[in-house]
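Notes follow the structure.
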Amino acid sequence: MFHLLKAFLSVYETHNFTKTANSLYLTQPTVSAQIRKLEDHLNVTLFIRNGKQEILPTKEADFLYPRILKIIEEWNDAITHVNTQKSYRENCVLASSQTCGTYLIPKIVPILVKRFPMVNFSFPVMSGEEIVQALEKAKVDFGLIETPERSELVDRYIVTKDELVLAGDPDSDYWLLPETDSPLGFINENYLKSNNLTPNIIRTYNHEMVLALLKHHVGKTIVSKLALEQNLPYQCLDSFGERNLYFLTRKKVVSEKLGQISAFIQEQLSHREMFS
1 MFHLLKAFLS
11 VYETHNFTKT
21 ANSLYLTQPT
31 VSAQIRKLED
41 HLNVTLFIRN
51 GKQEILPTKE
61 ADFLYPRILK
71 IIEEWNDAIT
81 HVNTQKSYRE
91 NCVLASSQTC
101 GTYLIPKIVP
111 ILVKRFPMVN
121 FSFPVMSGEE
131 IVQALEKAKV
141 DFGLIETPER
151 SELVDRYIVT
161 KDELVLAGDP
171 DSDYWLLPET
181 DSPLGFINEN
191 YLKSNNLTPN
201 IIRTYNHEMV
211 LALLKHHVGK
221 TIVSKLALEQ
231 NLPYQCLDSF
241 GERNLYFLTR
251 KKVVSEKLGQ
261 ISAFIQEQLS
271 HREMFS
């Protein structure tokens, strides 16, 4: 039965029998037969075959996906514990957005690895939307982001505030404007519109470039105070001055150890001295 469930998960995620066959080292007819067998067992249709390539999940598949995902995770977790016993090392993937990954994760890592020496940690950096999608598919365990992303499969907690400041030369005619689809790009554009400002724009597509330009006294922009070097000038903002930072978990944390890690990270991030 487990091989049928794994085939279902892959087809649901890829919407493609051929991609599933390649990832599971099976033939495409074998995958089709496995899905058909699962549908017969459940007496429901799980996928609509819309042409040769496109596979669309039904509402029954949408209902089953997170539940089967949990079943497979718990089974894999149980097998790993049984096989490794006392030498068992848990894996934990904490994904973060650019700002959180650059300025908060390095402060958390030393205390995390000390507190949980039998855990293998990974810290990928992704966009907030990518992190939510990875959580939904159980590709990561936790997320740390600065945008209020939502999902029915994910719990979201406000863990702290991030102070935003107007950094750079206050008299400059140039405004450093990050990519529109980035969190800081969105904030900067809203600030300019709200204050009816029309400065000369320098488009930037890299956060490190923004900081380097500020360091060389070129322009001004709204950034996280966490990112500023000690000697860079900045002004506090009356509006747009704070944003929430969010810790994300799946609705059900599979293992007891991951639950402990989740609580520990949230507790550490609640301390304001973490930002100093």
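The numbering of the sequence shown is full-length UniProt numbering, which starts it at 1 and goes up by one.
For every residue, glycine included, the Cβ atom is placed at its ideal position computed from N, Cα and C.
Between the alpha carbons of N16 and Y25 lies a distance of about 14 Å. The beta carbon of L153 lies closer than 8 Å to those of P66, L135, E136, R250, K251 in the same chain, with the five residues before and after it left out.
Under the 8 Å Cβ criterion, the region 34 to 48 does not count as touching the region 71 to 78, having fewer than three qualifying pairs.
Residues of the same chain with a CB within less than 8 Å of the CB of L5, apart from the 5 flanking positions on each side, are L38, I68, I71, I72 in chain order. Counted as a single uninterrupted DSSP element, the beta strand (DSSP E) harbouring N91 occupies residues 90 to 96. Note: R156 is bridge-paired with L248 in the DSSP secondary-structure output.
S23 and S32 have their C-alpha atoms roughly 14 Å apart.
Cβ-Cβ distances below 7 Å link I55 to V11, H15, N16, F17, F47, R49 in the same chain, with the five nearest sequence neighbours on each side left out; the list follows chain order. Judged by DSSP in its simplified three-state form, E229 adopts coil rather than helix or strand.
Residue pairing by DSSP places G185 opposite no residue, since no beta bridge is assigned to it. In the displayed model, K19 falls within a helix according to three-state DSSP.
Looking at the backbone, the Cα of V218 and that of Y174 are separated by about 7 Å. Per the Cβ contact rule, the region 151 to 171 is in contact with the region 124 to 143 (3 or more Cβ pairs under 8 Å). Taking C-beta atoms as the reference points, K225 and E146 fail to come closer than 8 Å. Nearest neighbour of E242 by Cα position, chosen from P183, I131, K161, N120, turns out to be K161.
For V140, no beta strand (DSSP E) segment is defined, and its DSSP state is neither H nor E.
When only Cα atoms are considered, C236 and Q260 end up about 37 Å apart.
Linking A61 to Q34 through their CA atoms gives a straight-line distance of about 15 Å. Cβ-Cβ distances below 7 Å link G185 to L177, P178, E179 in the same chain, with the five nearest sequence neighbours on each side left out; the list follows chain order. Sixteen is the threshold: when 16 or more other Cβ atoms of the shown chains lie within 10 Å of the Cβ of A227, as they do, the residue is buried.
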